Structures are given as structure tokens and as C-alpha cells.
Ligand code: NAP
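Numbering (the working numbering), first residue to last: 26 to 485.
See the structure below:
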């Protein structure tokens, strides 16, 4: 294939990447966006393979076969609730590949490597290596392999910044003395260690934002490598990845009321999270109710807001949630869904599940719009959500959730909580709402409880 054909194919791939981002920003077109991104990547890979003379086809085929054997079952079987972990692993492998290719390029250019190439390679290797360990730790935290609590010790910030400082100083030394190849592995080790420290210092509840930032770092690193390899599609894809990850991290920081700078440098969750350990719940008791009690309340309600959360995803209750909404709407009640930006375990988690259950998009209300409606709402039904409803985020400065905007379900006339136990949510914080006089706790798996509730309402 000649140079011009390659350029045309790269333009096709780039257009597909841009369209995919556009389409993925709306639930209705998100599947198309996913296909466009996959097609763009296929075009870019095939064009690159055709354009260059391949020395070892056996290695390429072997690597593609291993990737397919490992990736296909993961893609087909992975539960939606584990997508954040999987995303973290994609960033880990992507950034490791970018960093290792960068290292290979550096040694290949020796001893005639120029200053510009060395500086770009050093920067992209630091980002690539730190993203690798950071993403592995994010994976381990989200998968529950290690505790989600931030690793806090005196002088933590100084240790982290010094580690990064040494990596950067070594990079500067390498740029000034490009033939001193022995520096590269030491620089890589410091960058790897910094990635570890960065994410170990962040609490589990902030992992979504961290993953978006790591996404951004991986993209910037790939774009840097694109400059060295003079590969335009890699530059554009890396820049798109880097900037979209950055914007997503900004939006999520705002949604969780976190300082973006703190998240960027791993200083979030450093507050000693005195998770309320009122094991006795301060002598308070929550009131447990039956589905029949809730059915009676619902049959008299004029307005209901359903608040889905992680538990709905776990129990795959989205279809029966829609069924319940249909039944109460049939009784003349207005139904809305309140969507918190970080409900569940990934951005847009609830939107995806509710779209799968054919919930009309107009019924989904974002947090900012829906919060003012709770005081006039008869019943808020909380389906497997917890942290995103916790008023401690507004009132308790020692709560790990303090400062995060939450759904004001406590302001509804009656709150129905459907969950299996009194266990806390992702942050580990106890929820005051369980003990309020207007709260009805209904214990059990969300899917089963909702199915019983639908049956009770239909029976009248
Ligand atoms: P949450 O605070 O984690 O609470 C989920 C609740 O669901 C739990 O209290 C659990 O209580 C209940 N549950 C679990 N399985 C259930 C089942 N089968 N049936 C019924 N209930 C079930 O969830 P959230 O309110 O959605 O808040 C999300 C949290 O995750 C936030 O802290 C957020 O920062 C964090 N996070 C978000 C993302 C993201 O991007 N969205 C990513 C990572 C972390 P029981 O065990 O008693 O049933």
C-alpha cells in the first residue's frame, strides 16, 4: 500500500473515532458509537499492517491469537458491574504497551538519538509506566482484592511528589545525556512506584474519577509515542482519549464535589475516614416493612421517584423496576427516575441498565433537575442505592462522603428502601436515612422484592 492510501485510511479511522465519541455521548446512539470505534480501530490496525513490511508475521499472529483467546470470553461473560475494573485493566495493558514500545524505540535509536525524541519518549514512558501500576491498583481496589481505603501516613504527599520528582529529574538527565541508557530502567522504576503511590492514596469511592484520569494519562502517553513513530492516527486517537478522559474526570470531580487538582495528584480521601461505626446504630432501629405495606402506600401515591443504584445492577432488577413503574403509572401516579452521576460502579451505569429495560429517556431526571422535586414527592423508592442518597454528605464533615452532592430523597414524604440488609454502600458510611420516621425498609434482593410488590399491587 502506498503512502497516500495509508493516509486516506487513517483519515477514515480518525473520522470514525470522532463520530464514536459523538454517538457515545447519548444513550440512544451509544451502540452505534461503540461499533464506530471498533471499526475505526480495525481500519487503523489493518492499514498499518498493510503499509509496513512485516518482519515476523508469526509473532503478530501469535499475539493476536492470545489477545483474542483472553479477550473474547471476558467481553462476552463480564457482568456489567465489573466494567470499571475491566476498563482499569485495559488502561494498564495499553499504557504498558505504549511505555515498552517507547523504551524499545529509545534503545533502537541509540547512539544517535536526538534531544527532541528523547524528551518525548521520556515523558510518554513516565506517563505510561505510572498509568500501568496506577491502573493495576485501581483494578485491585475495585475488585476487592485490596482494601478500598486510602493508604494514609505522615508525609505521604512529600513521598509521592519526591518519587515523581526523581523520575522527572532522571528524565531531564537522560535528555541532556541521551546516550546514558542505564538511566531509563531507573526512571521507569520510579514512575512505576509513583503510579502505585498515587492510587493507593485514593479512597475507593473516588476510583471512577481516578480511572478517567488514568484514561487521560494513557491517551496522552500514546499521543506522545505517535509523534516519535510519526504515526498520525496514534497522535489523534491518543489526543482524543487523553482529552475525553480529562473532561470526564473534570465532570466527575464536579459531580462528587472533589477538588480536581487533588484527584490529579492523588490527594483525595486522605482525610481519616472515620466511617460511622455505630454498629449499634446509636441505639436507633430501622423500621422493617412488608411489600404489602409498601403496596398500600403506593396505591395512594400521586407522585413517585425511583432512585436506582448499584444494588439494582447486582440483582439485575431493571426490568422489574420498569414493570413496577408501569403498574403505578396505570394507577394514575406520575413516575420519574432520579439519576445520580456516580450511582452504580461506572459513569452512566444506571442510564445503560434502564435503557436496556426500555425506560423512556424523558423519565430519567439528572440529579440537579430532580432534587427540587423531592419535597413535593409522595414516595421515593430507593432500589439498591445507598451512598448517593446519604444526607451525611451534606451534614457530617467526618463522613467519607462529605461534600459529594446527593439525591435529596430524605425530603420526600415517604422513603422506601429496598436492600438486603443494614450494610453500608461502597463508601462504608452508615446511612442516617434508614432510621428516619418516614423511611420504610424492605429487606431482600431487589428483583425478588420488586416482583412481589408488583404482584401485590396487581392483586389490589
Ligand atoms: P452503594 O452506595 O454502593 O450501595 C449499593 C447498595 O445496594 C448497598 O447498600 C447494598 O446493600 C445494596 N445491594 C447490593 N446488592 C443488592 C441486591 N441484590 N438487592 C438489593 N440491594 C442490593 O451504591 P450507590 O448508591 O449506587 O452509590 C455508588 C457508590 O459507588 C458511590 O460511593 C460511588 O462514588 C461509588 N462508585 C461509583 C462509580 C461510578 O462511576 N458510578 C464507580 C466506582 C465507585 P445490601 O448489601 O444491604 O443489599
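For every residue, glycine included, the Cβ atom is placed at its ideal position computed from N, Cα and C. All values reported here derive from a predicted model rather than from experimental measurement.
Exercise. Quick one: any contact between the segment 49 to 68 and the segment 90 to 104, if contact means 3 or more CB pairs under 8 angstroms?
Worked result: no
Exercise. Going by the beta-carbon positions, is the gap between residue 408 and residue 337 smaller than 7 angstroms?
Worked result: yes
For this session: Would you be able to state if there are at least three C-beta pairs under 8 angstroms between the segment 199 to 210 and the segment 172 to 185?
Result: These segments do not touch.
For this session: Please name the residue in 417, 314, 346 and 456 whose C-alpha comes closest to that of residue 468.
Result: Nearest Cα to residue 468 within the set 417, 314, 346 and 456: 314.
Problem set entry | Alpha-carbon to alpha-carbon, residue 412 and residue 448 | 11 angstroms
For this session: Using the Cα positions of residue 175 and residue 148, report the straight-line distance between them to the nearest angstrom.
Result: 27 angstroms
For this session: Could you tell me whether any non-hydrogen atom of ligand 1 is closer than 6 angstroms to the CB of residue 362?
Result: no
For this session: Return the chain-ordered ranges of every alpha helix (DSSP H) run that is complete within the segment 413 to 458 and spans a minimum of 4 residues.
Result: 417 to 420
Problem set entry | residue 483: first and last residue of the uninterrupted alpha helix (DSSP H) it sits in | 471 to 484
For this session: Reducing DSSP to helix, strand and coil, say where residue 217 ends up.
Result: helix
Exercise. Could you check where the beta strand (DSSP E) with residue 489 kicks off and where it finishes?
Worked result: Lying outside 26 to 485, the shown extent of the chain, residue 489 is not represented and no answer is given.
Exercise. Hey, would you say residue 316 sits closer than 7 angstroms to residue 471, going by beta carbons?
Worked result: Residue 471 is positioned such that its CB atom lies no closer than 7 angstroms to that of residue 316.
Exercise. Between the C-alpha atoms of residue 296 and residue 56, what's the straight-line distance to the nearest angstrom?
Worked result: Low local confidence applies: a pLDDT of 45 at residue 296 is under 50, so the model's placement there is unreliable, and no value is given.
For this session: Measure the CB-CB distance between residue 280 and residue 416 and report whether it falls below 7 angstroms.
Result: no
For this session: Give every residue of the same chain whose Cβ lies closer than 6 angstroms to the Cβ of residue 124, excluding the five residues on either side of it in the sequence, and list them in chain order.
Result: 150, 153 and 154
Exercise. Looking at residue 374 and ligand 1, is the gap between the Cβ and the nearest heavy atom below 6 angstroms?
Worked result: yes
Exercise. Near residue 324, which residues of its chain fall below 7 angstroms by C-beta distance, leaving aside the five closest residues on each side in sequence?
Worked result: Residues 356 and 482 of the same chain have their beta carbon placed closer than 7 angstroms to that of residue 324, with the five preceding and five following residues left out of the count.
Exercise. Residues in its own chain within less than 7 angstroms of residue 282 by CB, not counting five upstream and five downstream?
Worked result: Cβ neighbours of residue 282 beyond the five flanking positions: 428, 429 and 430.
Exercise. Which two residues bound the contiguous alpha helix (DSSP H) that contains residue 130?
Worked result: For residue 130, the uninterrupted alpha helix (DSSP H) run begins and ends at 108 to 134, by DSSP.
Problem set entry | Cβ shell of residue 445 (< 7 angstroms), same chain only, five flanking positions each side left out | Same-chain partners within the cutoff: 468, 469 and 470.
Exercise. Does the segment 102 to 120 come close enough to the segment 162 to 175 to have 3 or more Cβ pairs within less than 8 angstroms?
Worked result: yes
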